[in-house]
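Student:
In the working numbering, the protein residues as written are 2 to 102.
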């Protein structure tokens, strides 16, 4: 996981979620965002921003995955068209519909 994604998770957790959040995060290695990641992310951003709507975080995550051999699990698979990226749809969106017990 990129340090940027970890920051987003930690900064958006709510009161009472701390223990569970940090337990989940302990399962992942956090990769630093160094010059190599930033430079590749900038290339991705310029190439794919207009056609696929990627943002800076998408580009940084994609670059991190390319450089570390990781994979992306997301609902926004269209944000990762870059060749050489392992990306999969990880879960279904919650539509709010609930089945009766």
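Just so it is clear, CB atoms sit at the ideal spot from N, CA and C, and this is done for glycine as well.
(1) Under a three-way DSSP split, which group does residue 31 fall into?
(2) Can you tell me the Cα-Cα spacing of residue 6 and residue 51, whole angstroms?
(3) Can you look up residue 10 in the DSSP assignment and give me helix, strand or coil?
(4) Locate the beta strand (DSSP E) running through residue 89, then write down its first and last residues.
(5) What does the Cβ neighbour count give for residue 27, buried or exposed, with the cut at 16 atoms within 10 Å?
(6) On the three-state DSSP scale, how would you describe residue 61?
(7) Here's a check: name, in chain order, each residue in its chain whose Cβ is nearer than 6 Å to the Cβ of residue 66, leaving out the five neighbours to either side.
Tutor: Let's see:
(1) The sequence position of residue 31 within the chain shown is 30, counting from 1. Coil at residue 31, not helix or strand.
(2) Within the chain shown, residue 6 is the residue found at index 5, counting from 1. Within the chain shown, residue 51 is the residue found at index 50, counting from 1. Those two C-alpha atoms are separated by around 22 Å.
(3) Position 9 of the chain shown, counted from the start, is the residue given in the question as residue 10. Three-state DSSP puts residue 10 in a helix.
(4) In the chain shown, the residue the question calls residue 89 occupies position 88. Taken as a continuous stretch (DSSP letters only), the beta strand (DSSP E) holding residue 89 covers 87-90.
(5) Within the chain shown, the letter at position 26 stands for residue 27. Classification of residue 27: exposed, given that the 10 Å Cβ count is below 16.
(6) Taking the chain shown and counting its residues from 1, the one referred to as residue 61 is at position 60. Residue 61 falls in the helix class under three-state DSSP.
(7) For the purposes of this step, residue 66 is taken as the residue at position 65 of the chain shown. If we look at residue 66 and ignore the five residues flanking it on each side, its Cβ neighbours are 73 and 86.
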